[in-house]
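Colleague:
2 protein chains.
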Amino acid sequence: MTSEEDRPSQGVTMRQVADELGISLSTVSLALRGKTVIASETRERVLREAKRLGYVYNRSAANLRQRRRTLVGLVVPDITNPFVGEAALGLQSALAEQGQFAVLANTRDEVSVQGDVIASLIEERAAGIVLIPAMGTESEDLALIHESNTPAVLMNRDVPGSGLPLVGTEDAEIVRVAMDHLSEVHGIKEAAYFGGIGEAGPHVVRKEAFDGELARRQIKDVEAWDTFTGPNPAAACEAASSLLKTEGLPEAILCHSDSIAIGLIRALDEARIPADRCAIVAIDGIAASAMTTPPLTTVAVDPAHMGRDCGRLLRPSGPAERFSLPPRLIVRRSCGCGGRA
Amino acid sequence: MTSEEDRPSQGVTMRQVADELGISLSTVSLALRGKTVIASETRERVLREAKRLGYVYNRSAANLRQRRRTLVGLVVPDITNPFVGEAALGLQSALAEQGQFAVLANTRDEVSVQGDVIASLIEERAAGIVLIPAMGTESEDLALIHESNTPAVLMNRDVPGSGLPLVGTEDAEIVRVAMDHLSEVHGIKEAAYFGGIGEAGPHVVRKEAFDGELARRQIKDVEAWDTFTGPNPAAACEAASSLLKTEGLPEAILCHSDSIAIGLIRALDEARIPADRCAIVAIDGIAASAMTTPPLTTVAVDPAHMGRDCGRLLRPSGPAERFSLPPRLIVRRSCGCGGRA
DNA sequence: CTGTTAGCGCGTTCAC
DNA sequence: GTGAACGCGCTAACAG
Numbered sequence: 001m002t003s004e005e006d007r008p009s010q011g012v013t014m015r016q017v018a019d020e021l022g023i024s025l026s027t028v029s030l031a032l033r034g035k036t037v038i039a040s041e042t043r044e045r046v047l048r049e050a051k052r053l054g055y056v057y058n059r060s061a062a063n064l065r066q067r068r069r070t071l072v073g074l075v076v077p078d079i080t081n082p083f084v085g086e087a088a089l090g091l092q093s094a095l096a097e098q099g100q101f102a103v104l105a106n107t108r109d110e111v112s113v114q115g116d117v118i119a120s121l122i123e124e125r126a127a128g129i130v131l132i133p134a135m136g137t138e139s140e141d142l143a144l145i146h147e148s149n150t151p152a153v154l155m156n157r158d159v160p161g162s163g164l165p166l167v168g169t170e171d172a173e174i175v176r177v178a179m180d181h182l183s184e185v186h187g188i189k190e191a192a193y194f195g196g197i198g199e200a201g202p203h204v205v206r207k208e209a210f211d212g213e214l215a216r217r218q219i220k221d222v223e224a225w226d227t228f229t230g231p232n233p234a235a236a237c238e239a240a241s242s243l244l245k246t247e248g249l250p251e252a253i254l255c256h257s258d259s260i261a262i263g264l265i266r267a268l269d270e271a272r273i274p275a276d277r278c279a280i281v282a283i284d285g286i287a288a289s290a291m292t293t294p295p296l297t298t299v300a301v302d303p304a305h306m307g308r309d310c311g312r313l314l315r316p317s318g319p320a321e322r323f324s325l326p327p328r329l330i331v332r333r334s335c336g337c338g339g340r341a
Numbered sequence: 342m343t344s345e346e347d348r349p350s351q352g353v354t355m356r357q358v359a360d361e362l363g364i365s366l367s368t369v370s371l372a373l374r375g376k377t378v379i380a381s382e383t384r385e386r387v388l389r390e391a392k393r394l395g396y397v398y399n400r401s402a403a404n405l406r407q408r409r410r411t412l413v414g415l416v417v418p419d420i421t422n423p424f425v426g427e428a429a430l431g432l433q434s435a436l437a438e439q440g441q442f443a444v445l446a447n448t449r450d451e452v453s454v455q456g457d458v459i460a461s462l463i464e465e466r467a468a469g470i471v472l473i474p475a476m477g478t479e480s481e482d483l484a485l486i487h488e489s490n491t492p493a494v495l496m497n498r499d500v501p502g503s504g505l506p507l508v509g510t511e512d513a514e515i516v517r518v519a520m521d522h523l524s525e526v527h528g529i530k531e532a533a534y535f536g537g538i539g540e541a542g543p544h545v546v547r548k549e550a551f552d553g554e555l556a557r558r559q560i561k562d563v564e565a566w567d568t569f570t571g572p573n574p575a576a577a578c579e580a581a582s583s584l585l586k587t588e589g590l591p592e593a594i595l596c597h598s599d600s601i602a603i604g605l606i607r608a609l610d611e612a613r614i615p616a617d618r619c620a621i622v623a624i625d626g627i628a629a630s631a632m633t634t635p636p637l638t639t640v641a642v643d644p645a646h647m648g649r650d651c652g653r654l655l656r657p658s659g660p661a662e663r664f665s666l667p668p669r670l671i672v673r674r675s676c677g678c679g680g681r682a
């Protein structure tokens, strides 16, 4: 055996395995992939030798050859956002079924870094891109996606004119579910919508639905609270704190997200205002929503499910539409339900 | 011009650009990469034609040729954990400097899926792996990493015998800082360590340091509270709830992480126990620690910084040791400081 | 300055 | 069953 040169330390190739065994390259290839054309005894020898040499399959070379793509980009403003984490989980599981995997990239909510990230992904021959667009994204910012014709799905926020499918929440339904509870169970007479950003995306749709619900039920809209906030608790807390100084506290507040509600609750506590002075309902249903004081009543939209939908929409043979779950109200205590003054 | 066949819709190659222009392949390659060897007028023509045809650079082919690797795996038990999110951010920024990027993978804290994930990553020719080992990981589970000699760094939890560098927290120092505060400012006479898992990793080291600190200061250890919990708030909440039913509430509790403290606070609230009945100090300093009620006093370890360290340790020419930041106490209200009974 | 030739590591015919 | 030859898209050596 010419087996002196063990572990060349940098990448053993099939070629070396073949040479070592004195057989052909393609025999090794077939054996490694378990093709039945190869004598099982030969295959055994190949497998053993490969293992001995520390050979590892080079999937990226294989992909190049087969024009297959295996990498899907999940491009988000803030990977630290729990909603994103849960969506990533769902995306991962959908991709795993297809032998693909997700790479996460952060845009810090800046259009320019989002552009860089997308360009890199496309150069890396991503099989697809799932994008939560940065604030202010225009359809031209997404031109590369079309030019390279990379499959892509938008999440949460639409980019008008982009022509990309959107896996979003059913905003009108969400708001209806929330207001049903607030109005029918708690009989509120005024309410505010708090948090979220942008002249597009969920914010406007939800606010519109919110206005409609209020009108229909003759509830007073506390407009002053409809300000933009960043999507994280700290930003929401700051915004709420200054509102609390100048405006009164509405009887009820519908928060744009759980994260924003978390910030609001913090602001209330800092201002020494008991949480039960205001009926709070949030949106998203992330795990953290069960852990606040008081725990959040929230309309769950199941981010993991949305992530899975995105993964499925990406593959060419995939469904054209998403399988959306209806929003589901989780009643906890922030709305005033279930106990303790 | 033979420019009839626009946008072949599936991957324009350099070859096509060259043919279209009637020039050589390598000229195109050099022009595209801005090598000055090429006449700037020629380069212009190439760039224009490439753009017109919708050519996009295939970096994975280039990487194959150059034996370069660009993908780094971040393998974690739960991507949803805020600590992970912040660490990922730091890793990303370190990798960006090196033209690499991170892919996130979830192991659900299961050794077997961790094995699959690592195998995939290695087949994809990852430039490196940053791993927060799943509970119960043995050094044999990491054999592939050595055989393929993929650079790797462990985060937080060590795997004895693996021989992999560890970017962990300075557990003894963390505990000392926490106990200093509890003892000197709050004059506590008894304390418990709560949460965390495993017969290895931070838990044991911290618990040991904790015992030492207590002995030194003649503080009583409430051993009953030293139980294992999952790393997420929900698990901690459950564990704390059952402890509250059978054991008394210690005067002070040092929580293994912010996430665990969040669960503890929830359990206290559910049991109708005012949070000021117990001085709580946590560890990590994630963003969410500022948003609880009361906000957490915590020993910050800067996960983003740890992530950056990991990224730097991965490159061959990188530093052998990490640049560790000393743990830093953030005083908020959960320990009893700053206000309101 | 530009073109030619030879691979990177693998998968696929199609002969033998 | 096995092996030779070619191509995936790009880069690197050396010519010219």
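Taken in order, these protein sequences are the chains called A and B. Quick note: the first sequence uses this note's numbering, first residue 1, plus one each step. Quick note: the second sequence uses this note's numbering, first residue 342, plus one each step. Cβ atoms here follow ideal geometry from the backbone N, Cα and C, with glycine treated the same way. In this text, all values refer to a predicted model and were calculated from it rather than measured experimentally.
1. Among the candidates Gly363/B, Glu611/B, Gly679/B, Ser365/B, whose CA atom is the shortest distance from the CA of His527/B?
2. Could you say which of Asp482/B, Ile624/B, Val494/B, Gly504/B lies nearest to Arg547/B if we only look at CA atoms?
3. With 8 Å set as the bound, which would you pick, yes or no: does the beta-carbon of Leu64/A sit closer than that to a beta-carbon of chain B?
4. Report, in whole angstroms, the separation of the C-beta atoms of Ile671/B and Thr638/B, which I expect to be a contact under 8 Å.
5. At what residues does the alpha helix (DSSP H) containing Met291/B begin and finish?
6. Would you list, in chain order, the members of the segment 488-505 of chain B that have their beta-carbon closer than 8 Å to a beta-carbon of chain A?
7. Start and end of the alpha helix (DSSP H) containing Gly553/B?
8. Taking the continuous alpha helix (DSSP H) assigned at Glu438/B, which residues delimit it?
9. So that I know if they touch, is there some Cβ in chain B lying closer than 8 Å to that of Asp269/A?
10. Buried or exposed: where does Arg674/B fall if 16 or more other Cβ atoms within 10 Å of its Cβ makes it buried?
11. Within 10 angstroms of the Cβ of Asp457/B, are there 16 or more other Cβ atoms? Answer buried if so, exposed if not.
12. How many angstroms separate the CA atom of Leu195/A from the CA atom of Val545/B?
13. Against chain A, does Ser675/B count as a neighbour if the rule is that its beta carbon must be under 8 Å from one of theirs?
14. Considering only DSSP beta bridges, list what Val640/B is partnered with.
15. Is the beta carbon of Val640/B less than 8 Å from the beta carbon of Pro668/B?
16. When the Cα of Ala577/B is compared with those of Gln559/B, Leu609/B, Glu588/B, which residue comes out closest?
17. Work out the CA separation of Arg356/B and Arg348/B for me, nearest whole Å.
18. Going by other Cβ atoms of all chains shown within 10 Å of its Cβ, with 16 needed for buried, is Val242/A buried or exposed?
19. Considering only their Cβ atoms, is the gap separating Ile129/A from Thr107/A smaller than 8 Å?
20. Check whether the Cβ of Arg52/A lies closer than 8 Å to any Cβ atom in chain B.
21. Around the Cβ of Leu37/A, are there at least 16 other Cβ atoms within 10 angstroms (buried) or fewer (exposed)?
22. Name, please, each residue of chain A whose Cβ falls closer than 7 Å to the Cβ of Glu588/B.
23. CB-CB under 7 Å to Met291/A, same chain, minus the five flanking residues each way: which ones, in chain order?
24. Is the distance from the Cβ of Glu110/A to the Cβ of Ala134/A below 8 Å?
25. For Val444/B, which of helix, strand or coil comes out of DSSP?
26. Please check the pair Ala467/B and Val417/B, which I expect to be a contact at CB under 8 Å, by giving their CB distance rounded to whole angstroms.
27. Going by beta-carbon coordinates alone, are Val387/B and Leu362/B separated by less than 8 Å?
28. So for Ile594/B, helix, strand or coil by DSSP?
29. Taking Cβ positions, are Val444/B and Cys651/B nearer each other than 8 Å?
30. Just the chain B side, please: which residues come within less than 9 Å of Gln92/A by C-beta, in chain order?
31. Note down, in chain order, every chain A residue with its Cβ under 8 Å from the Cβ of Ala628/B.
32. Please state the DSSP three-state secondary structure of Ile38/A.
33. Whose C-alpha, out of Ile627/B, Gly626/B, Leu605/B, is nearest the C-alpha of Cys619/B?
34. Which residues, taken in chain order from the segment 250-263 of chain A, show a beta carbon closer than 8 Å to some beta carbon of chain B?
35. Per DSSP, which residues does Leu655/B bridge with? Please list them.
Modeller: Reading from the atomic positions:
1. Gly679/B
2. Ile624/B
3. By this cut-off, Leu64/A is an interface position.
4. Correct: roughly 7 Å between the Cβ atoms.
5. The shown model of chain B, from 342 to 682, leaves out residue 291/B, and the question about it has no answer.
6. Glu488, Ser489, Asn490
7. 543-558
8. 423-438
9. yes
10. Under this definition Arg674/B is a buried residue.
11. Label assigned to Asp457/B: exposed.
12. Correcting the residue identity first, residue 195/A is Gly in this sequence and not Leu. If I take the Cα positions, the gap works out to 43 Å.
13. Answer no: the Cβ-Cβ gap between Ser675/B and chain A never drops below 8 Å.
14. Ile624/B, Leu670/B
15. Yes.
16. Leu609/B
17. With a pLDDT of only 42 at Arg348/B, under 50, the local geometry of the prediction cannot be trusted, and the value read off the model is given with reservation. Straight-line Cα distance between these residues: approximately 14 Å.
18. Looking at the sequence provided, one finds Ser at residue 242/A rather than Val. The residue is exposed, with fewer than 16 neighbouring Cβ atoms inside 10 Å.
19. no
20. For Arg52/A, the answer is no, since every Cβ of chain B falls outside 8 Å of its Cβ.
21. Checking the sequence shown, residue 37/A turns out to be Val, not Leu. A residue is called buried once 16 or more other Cβ atoms fall within 10 Å of its Cβ, and Val37/A, having fewer, is exposed.
22. In chain order: nothing, as chain A lies at least about 22 Å away.
23. none
24. yes
25. strand
26. About 15 Å; that fails the 8 Å criterion.
27. yes
28. Correct three-state label for Ile594/B: strand.
29. no
30. Ile420, Leu445, Ala446, Asn447
31. Per Cβ cutoff of 8 Å: Thr80, Asn232, Pro233, Ala234.
32. coil
33. Closest option to Cys619/B, judged by alpha-carbon separation, among Ile627/B, Gly626/B, Leu605/B: Leu605/B.
34. Ile262, Gly263
35. DSSP, once it has assigned bridges, lists no residue as partnering Leu655/B.
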